[in-house]
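Comments concern the structure below.
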Amino acid sequence: MADAHKLEIFRGLIKFKSNIQKIWGVLILLTIVTAIEVVLGIYKPEILMGHILGMKILNWIFIILTIVKAYYITWDFMHMRDEVAAFRRMVVWTAIFLICYLIFILLQEGGYIESVYHDGFIKQDF
Amino acid sequence: MSTTVVNTGTEGKTWGGGNQPLKASYGKMMMWFFIVSDALTFSGFLAAYGFSRFKFIGSWPIADEVFTHVPFLHGQELPMIYVAFMTFVLIMSSVTMVLAVDAGHHMNKAKVTFYMFLTIIGGIIFVGSQAWEWATFIQGDYGAIQTKGGHILQFVDTDGHRVALKDFVVAEAKERTEHERKNGLWYVAEGSLPTYTVDEVIHGLESHENILIRTEILNEHGHKTVLSRSESLQKLKKDGKAVVEGANLTVNEYGAPLFADFFFFITGFHGFHVFSGIVINIIIFFNVILGTYERRGSYEMVEKVGLYWHFVDLVWVFVFTFFYLV
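Taken in sequence, the protein lines are chains A and B.
Quick note, the first sequence lines up with residues 10 to 135 if you use my numbering.
Quick note, the second sequence lines up with residues 5 to 330 if you use my numbering.
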């Protein structure tokens with residue numbers, strides 16, 4: 010509990026002098042990321058409307074920025090950075106594995122049903 | 005004489021017992037495991053939302069056109085602004101929470117009290133904003149027509165700007181009155197009747213040359229398809245079934261009813277988490293004031309509710325992305 014906090018983010022690129030300073034630093038980072046998301050969401054630049062891996066580039070950017078925010082909330086606000094590696098892994102990896110599994114199955118199935126609707130209720134015509 | 009083995013040969017080793025390999029207290033660890041399971045619940049909901057959206061990818065409502073309101077700024081289209089404000093409020097209350105946890109590590113009762121108070125205020129502002137957002141969504145804004153197939157027809161002028169039903173439809177005196185449960189069949193009521201009938205909408209569309217129908221179908225640019233004047237009249241007369249104003253669990257003037265269902269369910273479930281977080285925060289706040297943790301010699305309880313509060317923020321970050329951005 011009274012353990013010393015790890016005070017560096019970005020793999021040591023930014024080092025903070027105290028835990029309180031780190032909290033404000035992370036707030037600034039989260040605010041900047043949210044501001045970028047909102048600005049992109051309002052203006053939707055035409056250049057980001059192309060598709061990569063079946064989804065708009067803009068949507069990939071949103072999802073990646075969201076994961077970045079989730080990382081800093083978990084690591085610095087929830088002090089995951091200060092926990093023992095084994096504990097961190099059993100919480101984070103379990104969740105990430107099961108969530109990826111669930112998302113894959115449901116989105117795959119949703120896309121399949123859409124294609125059935127789209128192609129006149131015929132998926133395979135032997 | 006002993007018949008049981010008392011010596012396991014693992015004394016002093018990690019799994020020999022009596023130590024804490026994870027260096028986390030029982031309470032904190034259980035809070036983390038609860039958070040893992042709750043995260044899976046929320047991701048189940050969001051993945052189900054994704055499933056339905058992928059299923060109807062060609063006609064899903066565009067969030068930017070749904071959530072455009074900001075309190076006190078009537079009639080202005082400001083997508084994202086209010087929800088960005090809500091996100092910031094929740095992140096800010098996360099910051100005050102983590103500052104309270106930090107003050108707890110230094111056994112500073114006055115600071116813990118102050119920061120817990122700010123956290124509770126932030127949570128109340130967020131829940132209030134969400135209630136306002138719900139009310140705006142339920143009330144709706146332009147009105148639309150539901151077709152026999154359950155799709156939504158909206159109205160636009162020739163420049164593509166949305167037109168509200170009240171701008172071109174005239175309500176006539178009606179004989180049809182709302183069925184109340186005190187009349188006819190007892191205890192069977194119906195929902196409030198829309199302001200206009202489909203016939204009045206048809207009449208309004210016929211008498212306004214510059215109004216067209218916009219369907220749910222997204223074109224290749226990601227915009228909703230607008231029908232020509234003759235197609236509009238034909239479509240409305242052939243398929244128009246009901247007038248929809250606002251959204252509820254069965255109809256939704258913005259598009260697919262599923263969108264409204266998921267919106268109510270997921271933001272509602274998240275709002276319930278925020279609400280319970282506020283209640284728990286208030287309990288802990290009073291415990292702090294009463295000096296419970298001062299006497300206990302540790303503010304770990306503040307840390308545990310802090311974990312829950314940050315988790316609520318974490319979920320919102322994802323809800324924000326998947327409902328409002330993507």
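Glycine included, every Cβ here is placed at the ideal spot set by N, Cα and C.
Closest by C-alpha distance to residue i, when choosing among the options
| i | options | result |
| --- | --- | --- |
| I124(B) | F327(B), V306(B), G226(B) | V306(B) |
| V3(B) | P261(B), F267(B), V309(B), F268(B) | The displayed coordinates of chain B run from 5 to 330. Any statement about residue 3(B) would go beyond what the structure contains. |
| R97(A) | L57(A), E17(A), Y80(A) | Y80(A) |
| E46(A) | L67(A), A94(A), V100(A) | L67(A) |
| V93(A) | V248(B), I288(B), L26(B), Y303(B) | L26(B) |
| I39(B) | I122(A), G119(A), Y110(A), T83(A) | T83(A) |
| W64(B) | A139(B), H227(B), D106(B) | H227(B) |
| I122(A) | K152(B), K59(B), I142(B) | K59(B) |
| F89(B) | F130(A), T43(A), E55(A) | T43(A) |
| F269(B) | T296(B), G22(B), F49(B) | F49(B) |
| A260(B) | F37(B), G21(B), Y53(B), M35(B) | Y53(B) |
| G50(A) | F71(B), G20(B), A51(B) | F71(B) |
| V173(B) | E213(B), L222(B), G16(B), K152(B) | E213(B) |
| V87(B) | S97(B), G79(B), P75(B), S98(B) | P75(B) |
Under 8 Å by beta carbon: chain B residues contacting residue i
| i | result |
| --- | --- |
| I112(A) | S47, A51, G54 |
| G34(A) | The premise fails here: G34(A) is roughly 11 Å from chain B at the closest Cβ pair, so nothing lies under 8 Å. |
| I18(A) | The contacting residues do not exist; I18(A) stays about 14 Å from chain B at best. |
Which of helix, strand or coil DSSP assigns to residue i
| i | result |
| --- | --- |
| H127(A) | helix |
| R57(B) | helix |
| E137(B) | helix |
| F273(B) | helix |
| E224(B) | coil |
| V230(B) | strand |
| V255(B) | coil |
| A11(A) | Residue confidence is low: A11(A) scores 42 on pLDDT, short of 50, so the model does not pin down where it sits. Its coordinate-derived value is still stated next. DSSP places A11(A) in coil when its eight states are reduced to three. |
| L94(B) | helix |
| M58(A) | coil |
| T8(B) | coil |
| V47(A) | helix |
| L77(B) | strand |
| K78(A) | helix |
| Q24(B) | coil |
| L102(A) | One detail in the question is off: residue 102(A) reads as Trp in this sequence, not Leu. Here W102(A) sits in helix by DSSP. |
| F121(B) | helix |
| L294(B) | helix |
| V173(B) | coil |
| L50(B) | helix |
| Y146(B) | coil |
| G250(B) | coil |
| H183(B) | coil |
| E204(B) | helix |
Residues that DSSP places opposite residue i in a beta bridge
| i | result |
| --- | --- |
| Y306(B) | Rather than Tyr, the amino acid found at residue 306(B) in this sequence is Val. V306(B) is not bridged to any residue. |
| D161(B) | I215(B) |
| R20(A) | Bridge partners of R20(A): none, in fact. |
| T151(B) | G244(B) |
| R166(B) | V160(B) |
| I65(A) | The question names Ile, yet the displayed sequence has Lys at residue 65(A). Per DSSP, H60(A). |
Partner residues on chain B for residue i, Cβ-Cβ distance less than 7 Å
| i | result |
| --- | --- |
| L115(A) | A51, A52, G54, F55 |
| L39(A) | I95 |
| L107(A) | L44 |
| K78(A) | V321 |
| F86(A) | S98, V102, H314 |
Contact set between residue i and chain A, taken where Cβ atoms lie within less than 8 Å
| i | result |
| --- | --- |
| P25(B) | V93, A95 |
| V330(B) | N68, F71, I72 |
| K123(B) | Per the sequence shown, the amino acid found at residue 123(B) is Thr instead of Lys. Within chain A, no residue comes near T123(B); the closest Cβ sits about 12 Å away, beyond 8 Å. |
Contacts that residue i makes with chain B (C-beta to C-beta distance below 9 Å)
| i | result |
| --- | --- |
| F25(A) | By Cβ distance, chain B contributes nothing, its closest Cβ being about 12 Å from F25(A), past 9 Å. |
Chain A residues whose Cβ lies nearer than 7 Å to that of residue i
| i | result |
| --- | --- |
| M84(B) | V47, G50, I51 |
| A88(B) | T43, V47 |
| I61(B) | E123 |
| F58(B) | L116, G119, G120, E123 |
| T91(B) | T43 |
Interface partners of residue i on chain A, CB under 9 Å
| i | result |
| --- | --- |
| I221(B) | Near I221(B) there are no residues of chain A at all, since even the closest Cβ is about 12 Å away, more than 9 Å. |
Residue i at chain E interface by Cβ criterion, 8 Å
| i | result |
| --- | --- |
| I29(A) | Of the protein chains in the structure, A and B, none is chain E. |
*asked:* Counting only Cβ-Cβ distances shorter than 8 Å, please list the residues of the segment 118 to 132 of chain A near chain B, keeping chain order.
replied: E118, G119, G120, I122, E123, Y126, H127
*Would you list, in chain order, the members of the segment 93 to 105 of chain B that have their beta-carbon closer than 7 Å to a beta-carbon of chain A?*
I95, S98, V99, V102, L103
_Against chain B, which members of the segment 42 to 74 of chain A pass a CB distance test of less than 7 Å?_
For the segment 42 to 74 of chain A, which is checked against every Cβ of chain B, the residues closer than 7 Å are T43, E46, V47, G50, I51, N68, F71, I72.
*Note down, in chain order, all residues in the segment 296 to 325 of chain B with a beta-carbon under 7 Å from any beta-carbon belonging to chain A.*
S302, E304, L311, H314, D317, L318, V321, F322, T325
*chain A contacts made by the segment 27 to 40 of chain B, where a contact means CB separation under 7 Å*: K27, A28, W36, V40
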